Structure formats: structure tokens, C-alpha cells
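Here is the structure we will look at, set down as C-alpha cells.
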Amino acid sequence: MDLLNPSIGLVVWMTISFLVLLFVLRKFAWKPILTALHERESGIEKALQSAKEAELRMAQLTADNEALLMEARKERDQLLKEARAAKDAIVQEAKEQAKEQAAQLLAQARETIKNEQARVVTDLRNQVAQFSVEIAERILKEKLEEGGQHHKVVEQALNEMSLN
Amino acid sequence: MRRIYLLVVLVFSQFAPQLKAAAPAQEVHAAEESFGTPEILHHISDDFGLHIGPFSIPLPVMLYFPGQGWDVFSSSELHHVDAQGLVHGKYAYHHGKLTVPVLDAAGQPKLDAEGHVEVEAQEARLINLGGKAVFYNFSVTKNVFGMLLSVLLLLLLFMASAKAYGRRTGQAPKGLQSLLEPLILFVRDDVVKPSIGEKHYRRFMPLMLTIFFFIWINNLLGLVPFLGGLNVTGNIAITFALAAVVLVVQLAVANKNFWGHIFWFPGVPVPVKLLLLIIEFVGLLTKPFSLMIRLFANISAGHIIIMSIIGITFAFESVVGHTVGVVTSLFTVAMLILELLVAAIQAYIFTLLGSLMLGAAVEEHDHSHEHAH
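Protein sequence lines, in the order shown, are assigned to chains L and G.
The first sequence stops at residue 335 when you use our numbering, and every number in between is there.
The second sequence stops at residue 383 when you use our numbering, and every number in between is there.
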């Protein structure tokens, strides 16, 4: 049956046309198309790769920043702590100094008072002695003038003294 | 779709006897209205001229007689029969078949007992039956025309798209380029690469792409109405040449491992080796043979079914008038849709199985006994 028996002429036509088509397309179509596709694909792959790398680098950077921030925060806390301690120490010192000064002042005041007291006592003693001498003088004078009235004079003199 | 297909086959098988019965009745009053098996076979076979709608386009008939040279004339001469009943003073032309008849004393074609023309020389075919003399038919037939048209279309399509790749480097594909790119990628990533393997597929890409698009576009051209009823991929000579190209390439690139598996299968006892030698050697030829038959049969079958459905209309006209035409037209549309699918599927299958053949030829495996071929 002719339907199932290839005609030689058609086979020759077909083979030649197909081979010509194959070689022309290979040179002018498939090579450029496949090369372009391959290049595009490798380009996309490269871009994806670099994007991934960039992401990784970004993550690294963020982590670094975080660490840096953490460190800075820690340092700040440390500084604050130290500053607080220093302040406390200074205040303490100042307080102590003030206390000391106050104590010193107090001691001085006390000494002054003491001295003053001593001076006053000495003064008083001197005055008492003087008064005693004056009274004695007066008694002696009274005794000397009226003779029996000396007791009254002494009493009067003492009264006057206690008024002082 | 399968249901519609079944229905069509059912309907056709029911009415086939009527078709035969109706044909002679039609011939009586309107010969050009008859439409049956001869017309269908005529459509399926190659033809010297091209019929586009009502127009008949003559094509060159080019015949080569070994030892005598060329005989070239227009196919329009085939319809001019001279007084001796010969065409171009030499040939008998019956049912689209050109032969050189044996002439009687009066110079007229001699008829045998059954009334057929006695043949002296016939067209050279792959298998020449009857031991008759042959001439080579290098005519630009309907199929050659269709094939050259497809070649032109393929060149235009893909060279334009290749130019677009050069022009638009680094840009997204556009227009024709973006239409063809997914198809090219499909052939590359889903057909050729998995069948041949990452290592070798690249050098077979041009061949497989050409085969895929050649078959597909010819399948599609065969479905275009009023384009001369092209049936390029439904012709056995075309599929023979395609399968032969694949076989030749396979044999050319086959490595030691491939030949080893055919002639001396590793890892089996000697008697089995001898048995496998025969099986593998036959297998070497059956694979391209099945490629050839599969494509030819599928595409031809599609054309035959469509033509047969159309034939139903002609067979029934005298019985129920034109109403049958409406139904058969709907069936034809359904079949055409199915054939659109088949056009792509057959191109895919041919490319896939061809790639597998080439893949087997270049495969390199050390653990050969794990595979059964």
C-alpha cells in the first residue's frame, strides 16, 4: 500500500529541507536563543546569590550593631554606677569634713567658753576678793568708827553682793 | 473529549454501510459531491497540485528516470489527457497516482484482465513491489509545498525571535519572543534535559528543538482549513526521514557503553548475552520505527476521522437533507479541537522518545547491571 511505503523523492526532499532547516536554525536561532537564555538564567542566579549574600551581610551588620549598642549601654551603666559611687563618696567625705569641722568649731567654742568661764571665775574671784577686801575695809572702818555696828555692815554688804 | 471521540466513532461506524451505499447514487447526478473512502485517501496521500478552496494551484512535476534524465512539467498538465489516454504524452494518471504504462500496438495504455492499467515504470518507493522499473518523483508536491512553507515559517519565527534576544539583552522577553520562549524552555527543561541528562543535553538541543517545532507547526498546518489539505506529518516519508535523522544521530553519538549493552550485555551469562544481542539489535531499529509509525498514524487518523465526519453529511444528504450537516459540523469542530491537542502531544512525544534514544546513546553508568535495558 502506497500510504505505508515512503516515496523516495519525498524522503529526499524532506531530508534535505530538514537538514538545511536544522543547520540554519542552529546557527541563527537556537545558538543565540539558548545562549541568551543561559546567560539570563545565570545572571538571575548570580543576582539571587548576591542578594542572599547582601542579606547575610546585612544580618551580620545588624548583629554587630546590636552588640555594639549593648556594649555601649553596658559601658554607660558602668559609668553611671561609677559616677554615682563617686558622688556618694564625695558627699560622704563632705559630710565627714563638715562634721569634723563642726566638731572642731564646737571644740573651739567649748574651749573658748571654758576659757571665758575661767576668766569670768578668775574675774569674779578677783572681784570677790576685792569686794571682800572692800568689805573688810568697811568693817574695819566701821569698827574703827562705831565699834559694835560691824555685824550690820557685813550683812548689808553681803546683800549688796548677792544683788550683783 | 474522549466521550465525544467515542460518540463520533460510534456514529461513524453505524453509518459506514450507508456511506458506501450512498456513494454510487451520488455519482449519478453530481460526481463532485461524492465524498467517501477514495476522497479521504486522496486527501491523506500526497498530491501533485495544490487545491486552496476553489482554486487549483499547479506545482512543478519533476521526475527523474535513471539513465534517461529528468522530465519536468506543470501539474496542470495532469488533467489534460491526450487522444491516447496519456498525460504529457507518456503517463497514466489515476487516483492521484502517476505511472508509465505499458503501451499496446495503438500506442494506448494496455489494460490487464481487471481493467487496470499495466504498469511499466512506477514511482520509486522505499520498498519497490512487483519488481517494476522505477522513476524518482522529485516533484514539488502538496507535501513538499507544505513542508517548505513550514520551513519558511519556522525560519521567520525563530530568526525573528533570535534577533529579539540580541536586541533586548538583559530585558524581559516581549511579543513573539515571549510566546516562543516558554515553548523552548519546555522542550529544554521538561523534555530534553531529563531524557539526556545535564551533562550531554546541550549539544542535542538544536536538533530536538527543530524536530519539536517542525512536527508541531506541520501538525497545525494540517488543521488549517482551505490550506490545500496539507498532511505533511501524516505522510510516512516525512516521519521516516525524521526518525532516520534521529537514528543516524543516535548511532553517530553512541558511546562504548551503549554498544556494549547491545552487543555484549554486561553482567549476564553468555547464553543470555547472545539472546540479548538479538533483542537489543532489533530494539535498536524498532524504536525509530515506532517513532515513524506513531506520528504518521496519529496525524493521518485525525485527518481520516475529520474527513469521515464530513463524509457523513454527503452520505446522508439524500436521506434527511442538510440538517445532518449541522451535527457533523459540530462533531468536526470537536474533532478539530481534539486534533489541536494531538498536534502538540505528538510533537512532544516524538521529541521525548527521540531524546530518550539519544540519552541512551550517551548515557554513562558504571553500575550498569542495576539497569535493565
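For every residue, glycine included, the Cβ atom is placed at its ideal position computed from N, Cα and C.
Small disclaimer: the values here were computed from a predicted structure and weren't measured.
The C-alpha of D81 (chain G) lies about 27 Å from the C-alpha of L162 (chain G).
Near chain L, meaning a CB-to-CB distance below 9 Å, the residues of the region 245 to 269 of chain G are N245, I246, A247, I248, T249, F250, A251, L252, A254, V255. DSSP places N297 (chain L) in the helix class (H, G or I) of the three-state scheme. DSSP lists G:P70 as the bridge partner or partners of S84 (chain G).
Proximity of the region 224 to 241 of chain G to the region 350 to 365 of chain G meets the contact definition, three or more beta-carbon pairs being nearer than 8 Å. Neighbours of D56 (chain G) in chain L, taken as residues at a C-beta separation under 8 Å, are given in chain order as S178, L181. I303 (chain G) and L227 (chain L) have their C-alpha atoms roughly 57 Å apart. Annotation for Y103 (chain G): L88, V97 place their beta carbon closer than 7 Å to its own, counting only its chain and skipping 5 residues before and after. Straight across, the Cα-Cα distance linking L277 (chain L) with I284 (chain L) is about 10 Å. In this structure, S149 (chain G) and G180 (chain L) form a Cβ contact; the two beta carbons are roughly 7 Å apart against a cut-off of 8 Å. Cβ-Cβ separation between P279 (chain G) and G270 (chain G): approximately 16 Å, too far for a contact (criterion under 8 Å).
Taking the Cα of A172 (chain G) as reference, the smallest distance to any Cα among L:A222, L:K266, L:P203, L:R296 is reached at L:P203. Pairing L195 (chain G) with S66 (chain G), the inter-Cα distance amounts to about 40 Å.
The beta carbon of A207 (chain L) sits closer than 8 Å to some beta carbon of chain G.
Residues of the same chain with a CB within less than 7 Å of the CB of V197 (chain G), apart from the 5 flanking positions on each side, are M218, L219, F222, T361 in chain order. P276 (chain G) is bridged by DSSP to nothing; it lacks a bridge partner. Bridge pairing for G364 (chain G): absent [DSSP].
Restricting attention to G:L158, G:V144, G:E130, the CA atom closest to the CA of S188 (chain L) is found in G:L158. F273 (chain G) and A264 (chain G) have their C-alpha atoms roughly 13 Å apart. Measuring C-alpha to C-alpha distances from K152 (chain G) to each of G:A131, G:G106, G:A344 identifies G:G106 as the nearest. Contact with chain G is absent for L219 (chain L), since none of that chain's Cβ atoms lies less than 8 Å from the residue's Cβ.
According to the DSSP assignment, T109 (chain G) belongs to the beta strand (DSSP E) that extends over 107 to 111. Residue environment: D56 (chain G) is assigned as buried (16 or more neighbouring CB atoms within 10 Å of its CB, all protein chains considered). According to the DSSP secondary-structure assignment, I261 (chain L) is paired through a beta bridge with no residue. For the set G:L294, G:I322, G:T333, G:L350, the Cα lying nearest the Cα of L366 (chain G) is the one of G:L294. Between E124 (chain G) and V110 (chain G), the gap from beta carbon to beta carbon reaches 8 Å or more. Between A370 (chain G) and Q118 (chain G), the alpha-carbon positions lie close to 57 Å from each other. If you draw a straight line from the Cα of L237 (chain G) to the Cα of M345 (chain G), it is about 18 Å long. For the set G:I246, G:G321, G:L166, the Cα lying nearest the Cα of S339 (chain G) is the one of G:G321. When CB distances to chain L are screened at a threshold of 8 Å, the residues of the region 159 to 172 of chain G falling below it are V161, L164, L165, F168, M169, S171, A172, in chain order. Using a CB distance cut-off of 8 Å, R213 (chain G) does not count as an interface residue toward chain L.
At least one C-beta of chain L is nearer than 8 Å to the C-beta of E133 (chain G). Restricting attention to G:I62, G:V154, G:G180, the CA atom closest to the CA of T206 (chain L) is found in G:G180. Under the Cβ criterion (8 Å, minimum of three pairs), the region 253 to 260 of chain G does not count as touching the region 69 to 79 of chain G. Residues of the region 243 to 267 of chain L with a C-beta less than 9 Å from any C-beta of chain G: none at all.
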